[in-house]
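Counting with this note's numbering, you get residues 165 to 298 for the letters of the sequence shown. Ideal Cβ positions, reconstructed from N, Cα and C, are used throughout, including at glycine. Let me begin by presenting the structure, written as structure tokens, before commenting on it.
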Amino acid sequence: MTGITRFVTLLRHTQRRSLSSVLLVAVAASTGLAQAAPDGAAPVPRPLVDTSTCSRPIYPEEDARLKNAGTVTMQFLIGADGWVVESKIQKSSGYASLDEAARSGLAKCRFKPATLEGKPVRAWVGVQYVWTPE
165 MTGITRFVTL LRHTQRRSLS SVLLVAVAAS TGLAQAAPDG AAPVPRPLVD
215 TSTCSRPIYP EEDARLKNAG TVTMQFLIGA DGWVVESKIQ KSSGYASLDE
265 AARSGLAKCR FKPATLEGKP VRAWVGVQYV WTPE
């Protein structure tokens, strides 16, 4: 899988912060979580989210009312153009509506694509989104 890398970004849903600040902190904190490159191979820079291209996923009304909370783990395939090509849920929050809200909301974001030898390439990025009611 040349040019493919995986890492996990942890995002928290809070009503006090914008998605931009949460994503910046999450991406910065995830730097050490990249999958190691094989011996002798140069590491592939991973995709980074462009926080100006998306907003925070919307907390489904019924889940907010019931104070449903949880963490959903997702994978996004980022194209060489920086847009999401494919997405999937790896581990549910326990609430299908929270899972889908996080997946569909973050799938609208644009990413800075991974590069290989200076050229943009498709790559997978892992994201955990934490839903916490206020």
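Given a threshold of 16 other Cβ atoms within 10 Å of its Cβ, counted over all protein chains shown, does residue i qualify as buried or as exposed?
{"i": "Gly282", "result": "exposed"}
{"i": "Gln254", "result": "exposed"}
{"i": "Ala266", "result": "buried"}
{"i": "Gly249", "result": "Checking the sequence, you will find Val at residue 249 rather than Gly. Result: exposed."}
{"i": "Leu230", "result": "exposed"}
{"i": "Ala260", "result": "exposed"}
{"i": "Ser257", "result": "buried"}
Starting from the C-beta of residue i, find all residues in its chain whose C-beta is less than 7 Å away, skip the five residues before and the five after it, and write them out in chain order.
{"i": "Ala228", "result": "Pro297"}
{"i": "Leu262", "result": "Pro224, Asp227, Asn232, Gly234, Val236, Trp295"}
Grouping DSSP H, G and I as helix and E and B as strand, with all else coil, what is residue i?
{"i": "Ala271", "result": "coil"}
{"i": "Ser261", "result": "helix"}
{"i": "Ala287", "result": "strand"}
{"i": "Thr217", "result": "helix"}
{"i": "Gly234", "result": "strand"}
If you follow the alpha helix (DSSP H) that residue i is part of, which residue opens it and which one closes it?
{"i": "Ala278", "result": "Note, Ala278: premise wrong, no alpha helix (DSSP H); beta strand (DSSP E) at 278 to 280."}
{"i": "Asp227", "result": "225 to 230"}
Considering residue i, what are the terminal residues of the beta strand (DSSP E) in which it resides?
{"i": "Glu250", "result": "248 to 255"}
Quick one: what's got a C-beta closer than 6 Å to residue i's C-beta in the same chain, skipping five residues either side?
{"i": "Lys252", "result": "Gln239"}
Short of 8 Å in beta carbon distance, which residues of its chain neighbour residue i, apart from the five on each side in sequence? Order them along the chain.
{"i": "Gly196", "result": "Because the pLDDT of Gly196 is 34, which lies under 50, any placement of that residue in the model is unreliable, and the number read from its coordinates should be weighed accordingly. Here the set comprises nothing."}
{"i": "Gly301", "result": "Outside the displayed range of the chain (165 to 298) lies residue 301, so it cannot be described from this structure."}
{"i": "Ile242", "result": "Pro211, Val248, Val249, Phe275, Pro277, Ala278, Arg286, Ala287, Trp288, Val289"}
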